[in-house]
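A short worksheet on the structure shown next.
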Amino acid sequence: MKPCKRIEIVIETPMAQTLTELLRQAGAPGFTLVPEVRGAGDRGERRADELSGDSSNCLVLIACDDQAMVDTILEAVRPLLSRSGGICLVSEAQWLRH
Amino acid sequence: MKPCKRIEIVIETPMAQTLTELLRQAGAPGFTLVPEVRGAGDRGERRADELSGDSSNCLVLIACDDQAMVDTILEAVRPLLSRSGGICLVSEAQWLRH
Amino acid sequence: MKPCKRIEIVIETPMAQTLTELLRQAGAPGFTLVPEVRGAGDRGERRADELSGDSSNCLVLIACDDQAMVDTILEAVRPLLSRSGGICLVSEAQWLRH
Amino acid sequence: MSVFLSNLGSPPLLFFFLGVIAVVVRSDLEIPAQAAKFLSLYLLFAIGFKGGVALAESNIDGGVLLTLLVAVAMSALVPVYTFFLLKKRLSTADAAAIAATYGSVSAVTFVTAAGYLDMQGVAWSGYLVAAMALMESPAIIMGIVLYKRYASSDVAVASPFSWRQLLSESLFNASVFLILGSMLIGWITGPAGMSQVEPLVKGLFLGLLCLFLLDMGIVAARRFRDFRQVGAGRHKGQPVSLMVGAALAIPVFNALLGLGAAALLGLSEGDALLLIVLVASGSYIAVPAAMRLALPEANPGTYLTMSLAITFPFNLLLGIPAYHALTRWLL
Amino acid sequence: MSVFLSNLGSPPLLFFFLGVIAVVVRSDLEIPAQAAKFLSLYLLFAIGFKGGVALAESNIDGGVLLTLLVAVAMSALVPVYTFFLLKKRLSTADAAAIAATYGSVSAVTFVTAAGYLDMQGVAWSGYLVAAMALMESPAIIMGIVLYKRYASSDVAVASPFSWRQLLSESLFNASVFLILGSMLIGWITGPAGMSQVEPLVKGLFLGLLCLFLLDMGIVAARRFRDFRQVGAGRHKGQPVSLMVGAALAIPVFNALLGLGAAALLGLSEGDALLLIVLVASGSYIAVPAAMRLALPEANPGTYLTMSLAITFPFNLLLGIPAYHALTRWLL
Amino acid sequence: MSVFLSNLGSPPLLFFFLGVIAVVVRSDLEIPAQAAKFLSLYLLFAIGFKGGVALAESNIDGGVLLTLLVAVAMSALVPVYTFFLLKKRLSTADAAAIAATYGSVSAVTFVTAAGYLDMQGVAWSGYLVAAMALMESPAIIMGIVLYKRYASSDVAVASPFSWRQLLSESLFNASVFLILGSMLIGWITGPAGMSQVEPLVKGLFLGLLCLFLLDMGIVAARRFRDFRQVGAGRHKGQPVSLMVGAALAIPVFNALLGLGAAALLGLSEGDALLLIVLVASGSYIAVPAAMRLALPEANPGTYLTMSLAITFPFNLLLGIPAYHALTRWLL
Ligand SMILES: Nc1ncnc2c1ncn2[C@@H]1O[C@H](COP(=O)(O)O)[C@@H](O)[C@H]1O
Ligand SMILES: Nc1ncnc2c1ncn2[C@@H]1O[C@H](COP(=O)(O)O)[C@@H](O)[C@H]1O
Ligand SMILES: Nc1ncnc2c1ncn2[C@@H]1O[C@H](COP(=O)(O)O)[C@@H](O)[C@H]1O
Ligand code: NA
Ligand code: NA
Ligand code: NA
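In structure tokens:
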């Protein structure tokens with residue numbers, strides 16, 4: 025077991041590809057993306073019921089055991105969230121090495 | 025970055041609307057809902073395979089930076105969980121301000 | 025509220041049944057499974073776009089308030105992850121009793 | 273005998289059993305959830321539309337109205353005696369949910385019976401689709417009312433009662449709403465409307481029913497397996513044999529009731545069989561959805577398993593031809 | 273008057289209203305998201321293929337090319353005046369997104385108009401499908417260019433501009449790409465190709481359109497409800513009456529523009545109506561998808577609600593027959 | 273030459289290329305995952321049912337049984353030499369998985385070949401569908417057995433071997449089970465059953481195949497792109513040219529093997545082409561699903577990419593007409 029950070033990002037679906045591209049460029053060790061999630065926040069309800077995918081969000085989870093990388097990722101994500109909304113949470117976890 | 029609580033609730037799909045209504049009334053700042061998740065617990069297996077949506081769960085994530093609001097939400101959710109099952113976890117996180 | 029561990033596992037979909045079987049045998053109190061999630065990691069991108077379900081992952085969440093049980097679960101899961109990849113994170117949470 | 277065999281030889285029924293076998297041999301075959309849900313919406317849409325067009329083409333007289341009235345009455349009556357019979361051995365919530373389940377109807381059993389009649393060359397009237405659509409709601413209302421009346425007072429306090437929600441759940445429930453709405457549109461647009469949607473509504477019907485029943489076979493067999501593995505949690509201590517017995521006895525008893533009503537109403541052979549099947553079948557889509565909201569205390573492992581995993585295959589396989597033989601013999 | 277009534281009596285339109293009613297009475301009816309998305313891909317595939325085969329069967333002369341050119345020009349022109357009219361009262365981003373929305377087209381409105389013409393027995397030409405496919409992109413490009421030109425400089429810095437991405441979003445956007453691609457394949461394979469896919473592309477078209485419009489009715493009514501509940505967040509302070517007014521005035525004004533163009537081009541009755549409908553309709557699939565990427569500052573609660581929840585039902589219900597009456601009267 | 277051109281002009285194949293182009297130009301076009309999965313179940317259901325009805329209508333003699341036996345034998349034989357050829361340059365797990373892949377078959381390649389024959393007006397027999405269904409399992413079993421026999425002992429310890437699981441994965445695998453089950457039901461219900469489901473099973477087949485191949489084109493092109501970007505992780509150091517070479521050489525070599533078998537069996541032109549296509553094609557649904565469970569050490573980036581992104585388009589585009597020309601020339 026190795027301590028690490030769990031970064032959790034909720035962002036709208038049309039931005040998902042931009043986000044994963046950012047993560048790749050930042051050098052993130054990996055990510056898991058849950059598509060088609062619903063939600064509500066400052067910009068009202070997002071019902072995930074539109075044909076363009078425009079009203080659905082996705083939830084992205086990144087485990088990262090390198091604090092410098094965590095900071096890089098957060099800095100890369102911040103302007104995206106400012107422009108198109110969403111949230112980003114960071115918490116502590118233990119990573120099971122296998 | 026601002027400290028906050030992550031509230032995570034798993035509840036059965038038919039109760040999802042009741043739950044989001046409760047959250048709205050309690051004044052929660054927002055939520056993210058992952059639909060159509062499977063599970064197992066005290067009341068046996070839930071395979072998410074029925075036409076009425078009766079056997080699927082949903083997973084709701086709420087980030088909240090106001091402890092009083094957290095308590096309000098938990099008090100509102102508790103009776104729902106007692107009646108129809110499910111779980112509620114609370115953990116610590118840092119909220120990236122953008 | 026009772027302290028507990030949140031175990032989070034990302035594993036590929038074809039292994040999901042093996043994993044839930046392991047959890048059952050280990051005596052886990054329950055689990056929640058988010059199907060059809062995408063991801064990327066050491067073994068490249070998993071786009072969740074194949075007919076055999078071969079390129080999608082699932083995300084499994086287990087809340088457990090018994091440390092011995094947590095260890096049993098982690099030991100059971102470890103060889104699965106070694107063989108077919110994926111990640112396992114453990115974090116702290118409070119379990120709302122209802 | 274031959275009716276049983278010809279029933280067995282129909283593709284939709286055989287696909288139901290293929291689904292059951294898939295679970296028995298632990299195949300990983302499954303219909304994606306959203307596709308299965310879309311198929312079920314399609315079936316309701318097609319049944320409703322066809323029924324509406326049939327209504328527009330027939331003339332609605334006193335006899336028709338009387339039949340509809342009797343159908344509604346039976347869907348409200350069946351829950352009452354079912355509830356009191358079961359209340360002694362099950363929790364009040366479970367008894368009420370089972371009562372609502374059997375007062376209501378199974379659209380797919382109805383459709384299979386109608387297909388069976390078509391294969392046998394026996395005529396039936398479109399207004400029976402209206403009867404089906406009207407029989408869902410009264411049973412739901414009765415189940416909830418009985419529960420509220422007989423539940424111990426502390427539970428009743430925990431779950432505030434709302435008539436508004438009750439009506440909305442029983443009348444505007446997705447399945448009830450879609451079938452009623454499609455029937456209305458079929459009725460308004462009549463044969464001209466049908467000519468526009470015929471390839472979808474009629475052409476594909478039996479083929480898509482095969483795929484839907486394949487899914488139903490899988491789901492029913494899974495429920496049945498879960499049910500036998502008397503396991504952890506609420507299932508513990510359920511009187512399994514009582515449940516299996518009830519899931520077989522209730523449809524047979526209700527079929528006889530339906531037969532009596534059909535005889536009194538003087539229905540034709542085909543219409544009589546369809547009315548019998550409506551009374552004898554139990555809901556596994558509309559009622560469970562309503563019960564999860566109104567009676568979360570009831571265990572779907574009980575009421576849903578009974579109607580989906582026992583009564584449904586029983587009616588499909590043995591019930592329909594047996595009720596038909598009986599109808600022929602008596603009417 | 274009779275055109276309005278006959279329009280009202282078509283099953284697809286009635287299913288749209290059934291969807292609206294489902295939301296009004298708070299029914300839980302909904303089409304699963306992936307099934308709805310598949311239906312929309314099917315419609316684009318079928319429209320495109322049919323249009324391509326029609327193109328292969330017709331001869332493309334100067335008149336056709338001129339009409340296509342005019343259609344493209346209008347889809348680039350409409351955003352310009354829409355943008356400058358709205359910029360005074362809305363944010364630059366919202367004005368640009370609404371401008372792009374109304375320059376572009378609604379494939380389902382087009383299809384409904386084509387079905388309406390078929391029911392009325394009025395002929396129309398396949399190359400108008402090509403016009404539709406060509407009208408999506410210019411509007412998207414114009415909207416983005418106008419925004420980049422008039423947005424305050426600090427925003428422009430925050431959002432670097434990429435021509436490559438702009439072209440990719442406007443030309444290779446899923447809807448635009450599928451309809452153009454299917455049209456091309458229909459054109460290559462011609463009537464021989466059509467004979468292979470006819471049952472899917474033609475037979476099921478109106479039936480599946482009913483199910484699609486049921487979903488559209490649900491989504492449109494939800495957006496309309498959210499819109500009225502002037503609530504938290506960005507919605508606050510939106511000039512609601514301005515939005516409703518604009519969502520009704522823009523299509524009517526654009527319809528007149530389209531009518532003028534049709535008159536100058538000397539189009540037949542059917543072709544004129546379709547050109548008018550293209551100009552008068554607003555996009556709610558391709559443009560929103562492009563705007564989320566290129567103009568995330570714009571609020572979909574504004575542009576999407578206007579086109580989906582107001583303009584779309586308005587065109588379906590009143591617009592098409594009214595434009596038709598006008599065309600008949602003037603041409 | 274003309275066979276190549278007429279093959280190119282068929283809508284299903286053109287939609288495959290449209291999907292490829294969508295990826296090349298970075299369009300966001302995609303078929304929702306559950307819809308694509310449902311389409312693939314539909315295709316297996318339709319192929320199986322049609323094959324079963326064809327079986328019921330034909331008489332099964334010694335020649336038919338011999339052909340089936342030969343087909344099964346080839347599906348067990350192909351993995352053996354493929355494994356030993358590849359084991360020198362790849363890991364044992366990868367070699368075994370590729371071996372199983374090419375011993376098994378691609379249902380869509382088969383269907384495309386059958387459609388190609390229909391277009392050319394060449395007859396073929398229904399029992400070849402049975403051959404296809406029977407060829408999936410032996411290859412899976414052989415692949416796993418070879419791996420268990422030749423893997424280094426420490427790996428073998430880590431992965432306990434279960435015959436029960438092996439049989440279940442190879443025989444009751446979703447695709448194998450559905451096609452065998454549908455064939456059985458088609459065979460039981462015969463032409464009477466077909467008349468009930470014909471609009472779905474026959475009418476829509478080519479149209480839905482277009483949409484399915486559009487999705488396949490997208491997925492294949494994505495795999496191919498990932499494959500070229502020799503990137504992080506396990507992909508590193510894969511001998512890319514070896515893989516491309518093998519993915520082209522194996523089908524050609526196997527086609528010659530199939531041609532030889534067809535000549536010895538004295539098959540007709542159409543039947544010979546279908547047998548050749550079965551031997552030459554590689555699985556990308558049933559085998560990968562089985563391999564993920566039985567051989568997780570093997571890299572799907574290798575075996576799946578080879579069969580889906582290289583062999584499949586190669587067979588569709590060049591293979592089928594080339595094998596046909598060869599068959600005509602030699603038989
Ligand atoms: N407090 C919150 N807790 C959980 N999810 C949130 C919260 N606030 C926003 N979200 C998610 O982020 C999306 C965009 O949020 P916003 O930009 O605030 O509208 C919402 O649709 C939710 O899915
Ligand atoms: N220990 C647990 N960990 C994770 N999820 C759980 C746990 N227990 C229950 N759940 C979820 O909550 C749902 C309802 O649980 P229950 O009411 O205990 O049957 C289950 O179907 C699971 O999805
Ligand atoms: N650092 C990470 N953070 C989040 N998810 C990850 C991470 N690494 C791997 N995963 C997930 O685990 C799956 C398998 O990972 P791997 O075996 O490393 O390819 C990936 O497809 C991701 O969904
Ligand atoms: Na009943
Ligand atoms: Na327009
Ligand atoms: Na092969």
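Chains as they are written, first to last, in our numbering: chain C, 25 to 122; chain L, 25 to 122; chain R, 25 to 122; chain Z, 273 to 603; chain G, 273 to 603; chain U, 273 to 603. Glycine included, every Cβ here is placed at the ideal spot set by N, Cα and C.
Whole-angstrom C-beta distance between residue j and residue i, which should lie under 8 Å
i: Leu-389(G); j: Val-491(G); result: That belief does not hold up - the Cβ atoms of Leu-389(G) and Val-491(G) are roughly 26 Å apart, past 8 Å.
i: Tyr-399(U); j: Val-336(U); result: 5 Å
i: Arg-62(R); j: Pro-59(C); result: 7 Å
i: Thr-339(G); j: Ala-403(G); result: 7 Å
i: Pro-593(U); j: Asn-279(U); result: 5 Å
i: Ala-72(R); j: Ser-79(R); result: 6 Å
i: Pro-604(U); j: Ser-553(U); result: Lying before the first or after the last residue shown, residue 604(U) is absent from chain U, which here runs from 273 to 603.
i: Val-417(Z); j: Gly-320(Z); result: At roughly 27 Å, the Cβ-Cβ gap does not stay under 8 Å, so Val-417(Z) and Gly-320(Z) are not in contact.
i: Ile-303(Z); j: Leu-486(Z); result: 7 Å
i: Asp-366(U); j: Tyr-595(U); result: Rounded, the Cβ-Cβ distance is 27 Å, inconsistent with contact.
Pick from the options that is closest to residue i, judged by C-alpha positions
i: Phe-484(G); options: Asn-279(G), Leu-537(G), Ala-566(G) and Gly-291(G); result: Gly-291(G)
i: Met-488(U); options: Ala-379(U), Leu-452(U) and Leu-520(U); result: Ala-379(U)
i: Thr-44(L); options: Gln-49(C), Phe-55(C), Leu-47(C) and Glu-69(C); result: Glu-69(C)
i: Pro-283(Z); options: Ile-460(U), Ile-413(U), Leu-514(U) and Val-377(U); result: Ile-460(U)
i: Arg-30(R); options: Ser-115(C), Gly-51(C) and Arg-71(C); result: Ser-115(C)
i: Asp-95(L); options: Glu-36(L), Ser-79(L), Ala-50(L) and Thr-37(L); result: Ala-50(L)
i: Glu-441(Z); options: Gly-415(Z), Thr-381(Z), Gly-320(Z) and Arg-495(Z); result: Gly-415(Z)
i: Phe-317(G); options: Ser-447(G), Leu-438(G) and Ile-522(G); result: Ser-447(G)
i: Ser-347(G); options: Asp-300(G), Leu-529(G) and Thr-384(G); result: Leu-529(G)
i: Leu-349(Z); options: Cys-482(Z), Gly-453(Z), Leu-313(Z) and Asn-526(Z); result: Asn-526(Z)
i: Ala-345(Z); options: Leu-301(Z), Ile-413(Z), Ala-308(Z) and Leu-311(Z); result: Ile-413(Z)
i: Tyr-422(Z); options: Lys-359(Z), Thr-577(Z), Leu-590(Z) and Lys-309(Z); result: Lys-359(Z)
i: Val-325(G); options: Tyr-556(G), Ala-464(G) and Leu-546(G); result: Ala-464(G)
i: Leu-443(Z); options: Leu-602(Z), Phe-310(Z) and Ala-562(Z); result: Ala-562(Z)
Residue i: first and last residue of the uninterrupted alpha helix (DSSP H) it sits in
i: Gly-65(L); result: Counting along the chain, Gly-65(L) falls outside any alpha helix (DSSP H), though it belongs to the beta strand (DSSP E) covering 55 to 65.
i: Glu-329(U); result: 305 to 329
i: Ala-492(Z); result: 477 to 500
i: Pro-27(C); result: Careful: Pro-27(C) lies outside any alpha helix (DSSP H), inside the beta strand (DSSP E) at 26 to 36.
i: Ala-402(G); result: 399 to 406
i: Ala-244(G); result: This structure gives no information on residue 244(G), because the portion of chain G shown stretches from 273 to 603.
i: Glu-45(L); result: 40 to 50
Unbroken beta strand (DSSP E) run spanning residue i, endpoints
i: Leu-539(Z); result: First-last for Leu-539(Z): undefined, no H or E at that position.
i: Leu-443(G); result: Leu-443(G) -> not in any beta strand (DSSP E); alpha helix (DSSP H) instead, spanning 435 to 443.
i: Val-297(U); result: That residue, Val-297(U), is in no beta strand (DSSP E); it is neither H nor E in DSSP.
i: Gly-573(Z); result: Unbroken run through Gly-573(Z) is the alpha helix (DSSP H), 572 to 577; no beta strand (DSSP E).
Below 8 Å, how does it come out for the segment 511 to 518 of chain G and the segment 518 to 526 of chain U: are there three or more Cβ pairs, yes or no? no
Practice prompt. Assess, as a yes-or-no matter, whether the segment 530 to 538 of chain G is touched by the segment 370 to 379 of chain G under the definition of 3 or more beta carbon pairs within less than 8 Å.
Written response: Short answer: they don't touch.
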